[in-house]
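Visitor: Let me begin by handing over the structure; questions about it come next.
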Amino acid sequence: MIRTIWIVLSIVSLVFGRWFVVEQFIQQSNINSLTVVHCHRDGLDRELTVWAKTLQKTFPGPVAYVDSGQWDRAKFSSIPIVTRSLHRLGLVVNLECNNIRPFLQYASPAGHFNSSYRWLFFGRQNLNHSKSFFTNLDINLDASITLAVRRDDSLRVYAIYDVYGSVKLRGGTVKFDYLGDSTSTSGWLKTTHKRDNLQQIELRAVVSSLNQHQPETIEGYLSAVPVKPRAITAPKFAYQLAKILQMKLNFR
Numbered sequence: 412m413i414r415t416i417w418i419v420l421s422i423v424s425l426v427f428g429r430w431f432v433v434e435q436f437i438q439q440s441n442i443n444s445l446t447v448v449h450c451h452r453d454g455l456d457r458e459l460t461v462w463a464k465t466l467q468k469t470f471p472g473p474v475a476y477v478d479s480g481q482w483d484r485a486k487f488s489s490i491p492i493v494t495r496s497l498h499r500l501g502l503v504v505n506l507e508c509n510n511i512r513p514f515l516q517y518a519s520p521a522g523h524f525n526s527s528y529r530w531l532f533f534g535r536q537n538l539n540h541s542k543s544f545f546t547n548l549d550i551n552l553d554a555s556i557t558l559a560v561r562r563d564d565s566l567r568v569y570a571i572y573d574v575y576g577s578v579k580l581r582g583g584t585v586k587f588d589y590l591g592d593s594t595s596t597s598g599w600l601k602t603t604h605k606r607d608n609l610q611q612i613e614l615r616a617v618v619s620s621l622n623q624h625q626p627e628t629i630e631g632y633l634s635a636v637p638v639k640p641r642a643i644t645a646p647k648f649a650y651q652l653a654k655i656l657q658m659k660l661n662f663r
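Positions in the sequence shown are counted from 1; adding 411 to them yields my numbering.
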């Protein structure tokens with residue numbers, strides 16, 4: 412079954428240019444559902460119809476297609492087929508579609524840019540133009556986002572970037588790590604970069620001390636640990652761990 416899927420998708424990738432990147436994405440991301448956000452009516456995704464028919468027969472999971480020019484915020488309480496996918500969600504998005512920004516601005520506050528979703532974005536040759544779509548999005552540090560930017564009009568070579576962030580809403584930024592150039596024979600490019608810098612974003616926590624009067628500040632109480640403690644309370648222990656993580660991950 413898996414071998415049949417691989418063979419058929421390989422044939423499709425050779426015929427339809429950029430779809431070799433989609434093939435590699437499907438094989439490596441372990442998704443069990445796929446949503447394609449496209450602009451077929453605008454003529455930018457002309458190959459979508461034939462590709463979709465083939466994928467429907469070979470991909471062992473539900474596939475949904477969302478027209479970027481016709482989707483309605485009121486009709487989408489979440490990305491389609493989320494409840495059927497058991498948290499291995501794959502989405503393919505064409506950033507060249509005219510109406511794609513509102514879709515991304517909807518997905519961002521809905522919390523779709525985290526490790527529960529695997530995103531593959533296709534961008535035009537202008538890298539700065541592709542990056543501009545992500546500037547104001549709330550992207551988590553654990554996000555699984557791949558940006559494929561075409562090198563030329565042949566659609567045979569794509570520059571691959573790993574995209575992640577530290578949540579814009581909390582004062583964070585978005586990072587783009589270049590992984591290399593992808594071709595139909597290069598295979599999927601994986602990142603080796605450690606995501607261990609939250610870039611001084613502010614994290615907040617709530618600590619309560621029930622039925623106890625503390626004459627000092629909560630921070631002073633949590634910081635006061637004897638040199639040789641016999642025991643340590645859970646809040647103090649958690650606070651000390653958070654301070655260690657603060658130094659490691661660079662947050663405040």
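The C-beta atom is built at its ideal place from N, Cα and C for all residues, glycine as well.
What would DSSP say about Thr557, mapped onto helix, strand or coil?
Guide: Note: Thr557 maps to strand in three-state DSSP.
Visitor: Taking Cβ positions, are Ala554 and Ser526 nearer each other than 8 Å?
Guide: Yes, these two residues count as a Cβ contact at 8 Å.
Visitor: When you compare the region 434–449 with the region 466–482, are there three or more beta-carbon pairs, one atom per stretch, that lie closer than 8 Å?
Guide: A contact exists between the region 434–449 and the region 466–482.
Visitor: Could you tell me the boundaries of the alpha helix (DSSP H) in which Ile511 lies?
Guide: Element bounds for Ile511: Ile511 to Ala518.
Visitor: Report back the beta-carbon spacing between Leu459 and Cys508 to the nearest angstrom; my notes put them in contact at under 8 Å.
Guide: Contact doesn't hold; Cβ gap of about 11 Å is too wide.
Visitor: Could you tell me the distance, in whole angstroms, from the CA atom of Phe524 to the CA atom of Gln516?
Guide: Between Phe524 and Gln516, the C-alpha separation is close to 11 Å.
Visitor: Roughly how many angstroms lie between the CA atoms of Lys586 and Ser444, to the nearest whole one?
Guide: Straight-line Cα distance between these residues: approximately 27 Å.
Visitor: So, using beta-carbon positions, are Arg529 and Ile655 closer together than 8 Å?
Guide: Going by C-beta atoms, Arg529 is not nearer than 8 Å to Ile655.
Visitor: In the structure shown, what three-state DSSP assignment does Ser593 receive?
Guide: If DSSP states are grouped into helix, strand and coil, Ser593 belongs with the strands.
Visitor: Kindly indicate the opening and closing residues of the alpha helix (DSSP H) around Ser444.
Guide: Ser444 -> not in any alpha helix (DSSP H); beta strand (DSSP E) instead, spanning Ser444 to His449.
Visitor: Buried or exposed for Arg561, going by 16 or more other Cβ atoms inside 10 Å?
Guide: It is buried - the Cβ of Arg561 has at least 16 other Cβ atoms within 10 Å.
Visitor: Do Thr594 and Asp573 have their beta-carbon atoms positioned less than 8 Å apart in this structure?
Guide: No, they are not a contact pair.
Visitor: For Asp573, list the residues DSSP reports as bridge partners.
Guide: For Asp573, which the question treats as bridged, DSSP gives the partners Thr557 and Asp588.
Visitor: Give the secondary structure of Gly501 by DSSP, where H, G and I count as helix, E and B as strand, and everything else as coil.
Guide: Three-state DSSP puts Gly501 in a strand.
Visitor: In angstroms, rounded to a whole number, what distance separates the CA positions of Arg429 and Arg567?
Guide: Cα to Cα, the separation comes out at about 7 Å.
Visitor: Since Asp592 and Tyr569 are thought to touch, with beta carbons under 8 Å apart, how far apart are those beta carbons, to the nearest angstrom?
Guide: The pair is a contact, with the Cβ atoms about 7 Å apart (cut-off 8 Å).
Visitor: How many angstroms separate the CA atom of Ser489 from the CA atom of Gln467?
Guide: Its pLDDT being 49, under 50, Ser489 is placed unreliably in this model, and the value from its coordinates should be taken loosely. Straight-line Cα distance between these residues: approximately 22 Å.
Visitor: Would Ile571 and Ala559 be called neighbours here (beta carbons separated by less than 8 Å)?
Guide: Yes, the Cβ-Cβ distance between Ile571 and Ala559 is below 8 Å.
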